[in-house]
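Listed in order, the protein sequences are those of chains R and B. Quick note on numbering: our numbering labels position 236 of the first sequence as 348, and the sequence is numbered without any gaps. Quick note on numbering: our numbering labels position 118 of the second sequence as 188, and the sequence is numbered without any gaps.
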Amino acid sequence: MAASLQSAVFLSNRIDPHRRLFASPARSLPGTKGSILVVRSDGRISGRLSGRNLITNAVATKADTPTSSTDSKPGHELLLFEALREGLEEEMDRDPRVCVMGEDVGHYGGSYKVTKGLAPKYGDLRVLDTPIAENSFTGMGIGAAMTGLRPVIEGMNMGFLLLAYNQISNNCGMLHYTSGGQFKIPVVIRGPGGVGRQLGAEHSQRLESYFQSIPGLQMVACSTPYNAKGLMKAAIRSDNPVVLFEHVLLYNLKERIPDEEYVLCLEEAEMVRPGEHVTILTYSRMRYHVMQAAKTLVNKGYDPEVIDIRSLKPFDLYTIGNSVKKTHRVLIVEECMRTGGIGSSLRAAIIDNFWDYLDAPIMCLSSQDVPTPYAGTLEEWTVVQPAQIVAAVEQLCQ
Amino acid sequence: MVLGRVFEDMCAQMYYRGKMFGFVHVYNGQEAFSTGFIKLLEARDSVVSTYCDHVHAVSKGVPPRAVMAELFGKATGCCRGQGGSMHMFSAQHNLLGGFAFIREGIPVATGAAFSSMYRHEVLKESTPNGLDVTVAFFGDGTCNNGQFFECLNMAQLWKLPIVFVVENNLWAMGMSHLRATYDPEIWKKGPAFGMPGVHVDGMDVLKVREVAIEAIARARRGKGPTLVECETYRFRGHSLADPYELRKPDKKASYAARDPITALRKYILEKELASEAELKDIEKKG
Numbered sequence: 113m114a115a116s117l118q119s120a121v122f123l124s125n126r127i128d129p130h131r132r133l134f135a136s137p138a139r140s141l142p143g144t145k146g147s148i149l150v151v152r153s154d155g156r157i158s159g160r161l162s163g164r165n166l167i168t169n170a171v172a173t174k175a176d177t178p179t180s181s182t183d184s185k186p187g188h189e190l191l192l193f194e195a196l197r198e199g200l201e202e203e204m205d206r207d208p209r210v211c212v213m214g215e216d217v218g219h220y221g222g223s224y225k226v227t228k229g230l231a232p233k234y235g236d237l238r239v240l241d242t243p244i245a246e247n248s249f250t251g252m253g254i255g256a257a258m259t260g261l262r263p264v265i266e267g268m269n270m271g272f273l274l275l276a277y278n279q280i281s282n283n284c285g286m287l288h289y290t291s292g293g294q295f296k297i298p299v300v301i302r303g304p305g306g307v308g309r310q311l312g313a314e315h316s317q318r319l320e321s322y323f324q325s326i327p328g329l330q331m332v333a334c335s336t337p338y339n340a341k342g343l344m345k346a347a348i349r350s351d352n353p354v355v356l357f358e359h360v361l362l363y364n365l366k367e368r369i370p371d372e373e374y375v376l377c378l379e380e381a382e383m384v385r386p387g388e389h390v391t392i393l394t395y396s397r398m399r400y401h402v403m404q405a406a407k408t409l410v411n412k413g414y415d416p417e418v419i420d421i422r423s424l425k426p427f428d429l430y431t432i433g434n435s436v437k438k439t440h441r442v443l444i445v446e447e448c449m450r451t452g453g454i455g456s457s458l459r460a461a462i463i464d465n466f467w468d469y470l471d472a473p474i475m476c477l478s479s480q481d482v483p484t485p486y487a488g489t490l491e492e493w494t495v496v497q498p499a500q501i502v503a504a505v506e507q508l509c510q
Numbered sequence: 071m072v073l074g075r076v077f078e079d080m081c082a083q084m085y086y087r088g089k090m091f092g093f094v095h096v097y098n099g100q101e102a103f104s105t106g107f108i109k110l111l112e113a114r115d116s117v118v119s120t121y122c123d124h125v126h127a128v129s130k131g132v133p134p135r136a137v138m139a140e141l142f143g144k145a146t147g148c149c150r151g152q153g154g155s156m157h158m159f160s161a162q163h164n165l166l167g168g169f170a171f172i173r174e175g176i177p178v179a180t181g182a183a184f185s186s187m188y189r190h191e192v193l194k195e196s197t198p199n200g201l202d203v204t205v206a207f208f209g210d211g212t213c214n215n216g217q218f219f220e221c222l223n224m225a226q227l228w229k230l231p232i233v234f235v236v237e238n239n240l241w242a243m244g245m246s247h248l249r250a251t252y253d254p255e256i257w258k259k260g261p262a263f264g265m266p267g268v269h270v271d272g273m274d275v276l277k278v279r280e281v282a283i284e285a286i287a288r289a290r291r292g293k294g295p296t297l298v299e300c301e302t303y304r305f306r307g308h309s310l311a312d313p314y315e316l317r318k319p320d321k322k323a324s325y326a327a328r329d330p331i332t333a334l335r336k337y338i339l340e341k342e343l344a345s346e347a348e349l350k351d352i353e354k355k356g
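Here you go:
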């Protein structure tokens with residue numbers, strides 16, 4: 113039933129399956145075209161990348177090396193929202209059928225500036241400012257996709273897409289199937305979600321758990337400028353409907369990304385930090401809380417393996433499974449609600465497939481099942497914090 | 071029209087004999103405007119319908135055999151048995167569905183019209199014979215729903231080549247249109263959004279055709295959408311599983327007297343456009 117899936121990974125042509133376990137998609141690596149990187153769990157690097165600095169505990173913090181010469185390093189630095197825009201722009205240049213529609217994407221440039229500058233360049237029809245009618249313009253995007261276009265539909269805040277649930281569930285997810293495969297729906301539905309800084313309950317929603325049951329829908333979550341651009345491009349090229357989850361607090365992350373064109377694999381997870389003691393599975397903003405906790409854990413003598421699952425549906429059980437087989441302990445750290453969240457499904461999938469490899473019950477840290485409060489201190493407590501992650505790992509590794 | 075009627079009657083037969091399952095909604099009595107509109111369209115134009123889509127499919131050119139096979143859930147059906155009665159699709163004939171939730175097809179139709187406009191304006195594809203037109207069919211019940219209004223607005227905003235056809239059979243399953251709608255004249259909602267709103271007797275295929283010619287030509291020329299309200303009646307219940315005792319028998323009888331097929335038959339014979347024998351032939355083939 114699925115149309116052809118995007119599979120390009122710029123590193124992967126010659127990685128053999130045995131080594132793939134350790135292969136980092138080089139999130140922190142400056143542009144290297146077509147070379148293989150093998151990162152051992154102790155941080156040793158082997159492969160054709162002499163003279164590169166690999167940061168194994170990758171945390172994209174604010175730019176703290178302004179004085180180091182950036183001219184000599186390959187690639188270019190940008191913020192996450194700029195990376196998304198770059199990816200979108202490259203795809204719009206490449207294929208004139210790619211268009212954007214959403215509220216304030218055109219003249220206003222997007223609520224988080226992801227589409228800034230695109231309307232003057234491509235025109236008002238290709239970067240379409242819609243009225244406030246999520247259900248209908250999402251449906252319109254779907255109809256356009258059925259008839260040859262490749263729309264990128266923006267929800268100004270992911271939460272607004274709840275208004276479009278009818279279209280996303282019934283038409284986006286199902287039409288390819290109910291039409292007997294006659295129509296494909298190559299849409300990308302994207303937008304900022306997640307808990308921000310006191311945005312209030314309705315602007316702090318995590319829709320990944322609500323959408324995950326919809327059959328026919330593919331979901332990915334970006335977390336760094338590098339994977340944001342790569343996933344945006346992959347999602348646009350995919351003939352499947354893809355929901356790309358962005359996070360309100362990650363738009364200003366800065367990173368150096370390759371100058372060369374690259375597209376990431378939608379179904380692949382990202383090895384952030386190889387380790388031996390415990391597998392920590394996370395995505396989106398929680399990746400940073402996990403890495404912060406990892407620093408503390410390393411100081412305490414633990415060696416966590418951190419994987420950013422990126423692909424929320426389907427799960428990359430290959431990468432995850434290999435990790436479970438190595439560490440035998442799993443901690444899932446997510447921002448969505450505990451009840452019916454991504455963590456619940458992931459836990460079930462791991463239990464179904466890797467039960468024999470587990471030495472301890474799978475732990476899952478999720479947000480509280482409450483509407484996000486406005487007060488900052490309360491809001492903080494509804495979301496998983498690094499201290500809780502440290503405590504969880506200590507408990508798991510007893 | 072005859073093919074449509076015969077087809078739907080056969081569906082009913084099969085259903086009541088226990089050979090067809092699920093929710094099956096038939097179109098008896100409403101053939102005039104599906105024929106009136108769809109027969110004016112070209113192959114490149116699109117049609118979007120609701121769950122009452124068998125006759126739209128057949129009129130648009132989908133082989134009746136494929137539609138019937140779909141109703142029986144066979145792999146030879148137009149959707150490989152995966153869609154069923156309420157989800158008829160044909161990429162080849164530009165039939166974009168078949169939607170079970172009324173109103174969810176209207177944005178899809180708007181999107182198809184958007185594509186058509188996009189191909190002309192952005193991709194600069196030449197359109198010597200005018201834009202590809204999309205016709206969206208839906209019922210009176212839909213006209214109280216948000217997506218209907220949202221699409222009227224967007225279609226007019228961007229002057230999309232679309233015709234919105236309301237099949238007003240006065241009943242949304244068991245809910246009378248008059249009980250659900252404060253202002254029951256649906257055609258008036260067109261001008262409220264800036265487009266022409268037309269009311270036509272949906273039991274008369276020739277009147278419908280006149281209106282359709284103009285609406286489709288308007289869209290083709292890039293003048294934008296039209297809202298057409300066709301007053302009609304369903305001879306059978308909402309679905310084959312639904313007893314229709316809410317409707318009064320005398321009302322049903324009065325509409326039965328206006329059966330579009332009988333009316334057209336009478337017209338043809340009166341105007342001597344064809345002979346009795348030729349008409350019998352058509353009925354036999356159906």
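Even glycine gets a Cβ: it sits at the ideal position worked out from N, Cα and C.
At a Cβ threshold of 8 Å, is residue i touching chain R?
i: B:Leu-367; result: Residue 367 of chain B is absent from the structure shown; chain B starts at 71 and stops at 356.
i: B:Gln-226; result: no
i: B:His-157; result: yes
i: B:Gly-30; result: Nothing about residue 30 of chain B can be read from this structure; chain B reaches only from 71 to 356.
i: B:Phe-142; result: no
i: B:Val-128; result: no
i: B:Val-117; result: no
Just curious, the beta strand (DSSP E) that residue i is in, first and last residue?
i: B:Phe-208; result: 204-209
i: R:Glu-446; result: 442-449
i: R:Leu-393; result: 390-394
i: B:Phe-234; result: 232-238
i: R:Ile-474; result: Unbroken run through R:Ile-474: none, as it is neither H nor E.
i: B:Gly-300; result: Position check: residue 300 of chain B holds Cys in this sequence, whereas Gly was assumed. First-last of the beta strand (DSSP E) with B:Cys-300: 296-301.
i: R:Met-262; result: For clarity, residue 262 of chain R is Arg in the given sequence; the question names Met instead. It spans 262-266 - the beta strand (DSSP E) in which R:Arg-262 sits, taken as one unbroken run.
i: B:Asp-320; result: No beta strand (DSSP E) contains B:Asp-320, which is instead part of the alpha helix (DSSP H) from 319-326.
i: R:His-188; result: 188-191
Does residue i get closer than 8 Å to chain B when you measure Cβ to Cβ?
i: R:Ala-256; result: yes
i: R:Gln-404; result: no
i: R:Leu-200; result: no
i: R:Val-496; result: no
i: R:Pro-327; result: no
i: R:Asn-247; result: yes
i: R:Val-150; result: Note on R:Val-150: pLDDT 47, under 50, position unreliable in the model; the coordinate value appears next. False, the Cβ-Cβ gap to chain B never drops below 8 Å.
i: R:Gln-324; result: no
i: R:Arg-238; result: yes
i: R:Phe-295; result: yes
i: R:Ala-135; result: For R:Ala-135, the pLDDT reaches just 37, beneath the cut-off of 50, and the residue's location in the model is therefore unreliable, although a value from the coordinates is still provided. With 8 Å as the cut-off, R:Ala-135 does not count as an interface residue toward chain B.
Mind checking who residue i pairs with in its DSSP beta bridge?
i: R:Ser-456; result: Its beta-bridge partners do not exist; DSSP assigns none.
i: R:Met-383; result: R:Ile-419
i: R:Asp-216; result: Paired residues: none, contrary to the question.
i: B:Ser-116; result: B:Thr-204
i: B:Met-245; result: B:Ala-242
i: B:Ser-160; result: B:Leu-165
i: B:Gly-267; result: B:Leu-297
Along the chain, where does the alpha helix (DSSP H) that runs through residue i open and close?
i: B:Cys-221; result: 216-227
i: B:His-126; result: 124-130
i: R:Leu-240; result: From DSSP, R:Leu-240 is part of no alpha helix (DSSP H) but of the beta strand (DSSP E) over 239-241.
i: B:Asp-351; result: 346-355
Which residues of chain A have a Cβ atom closer than 7 Å to the Cβ of residue i, listed in chain order?
i: R:Leu-261; result: No chain A is present in this structure, whose protein chains are R and B.
Requested in this report: Report the residue ranges of all alpha helix (DSSP H) runs contained in full by the segment 409-434 of chain R; include only those spanning at least 4 residues, in chain order.
Outcome: Within the segment 409-434 of chain R, no run of alpha helix (DSSP H) at least 4 residues long lies entirely inside it.
Query raised in the report: Okay, do the segment 260-268 of chain R and the segment 288-303 of chain R touch, 3+ Cβ pairs below 8 Å being the bar?
Result: The segment 260-268 of chain R, when compared against the segment 288-303 of chain R, does touch it at the 8 Å Cβ threshold.
Query raised in the report: In chain order, which beta strand (DSSP E) runs of at least 3 residues are fully inside the segment 295-376 of chain R?
Result: 300-305, 330-333, 354-359 and 366-369
Query - At least 3 beta-carbon pairs within less than 8 Å: the segment 448-458 of chain R vs the segment 315-327 of chain R - result: yes
Query raised in the report: Counting pairs of beta carbons, one from the segment 278-297 of chain B and one from the segment 229-245 of chain B, are three or more of them closer than 8 Å?
Result: In the pairwise beta carbon analysis, the segment 278-297 of chain B is classified as touching the segment 229-245 of chain B: at least three pairs are separated by under 8 Å.
Requested in this report: Inspect the CB distances between the segment 220-235 of chain R and the segment 365-374 of chain R and report whether three or more fall short of 8 Å.
Outcome: no
Query raised in the report: On the three-pair Cβ rule with 8 Å, is the segment 147-162 of chain B touching the segment 282-291 of chain R?
Result: Yes, the segment 147-162 of chain B touches the segment 282-291 of chain R.
**Report entry** Cβ contact check for the segment 210-222 of chain R and the segment 354-366 of chain R: 3 or more pairs under 8 Å
**Finding:** no
Query raised in the report: At a cut of 8 Å, does the segment 107-126 of chain B reach the segment 165-175 of chain B through at least three beta carbon pairs?
Result: yes
Query raised in the report: On the three-pair Cβ rule with 8 Å, is the segment 464-478 of chain R touching the segment 377-385 of chain R?
Result: no
Query raised in the report: So, do the segment 274-282 of chain B and the segment 211-222 of chain B have three or more beta carbon pairs nearer to each other than 8 Å?
Result: no
**Report entry** the segment 85-95 of chain B / the segment 343-352 of chain R touching (three or more Cβ pairs under 8 Å)
**Finding:** no
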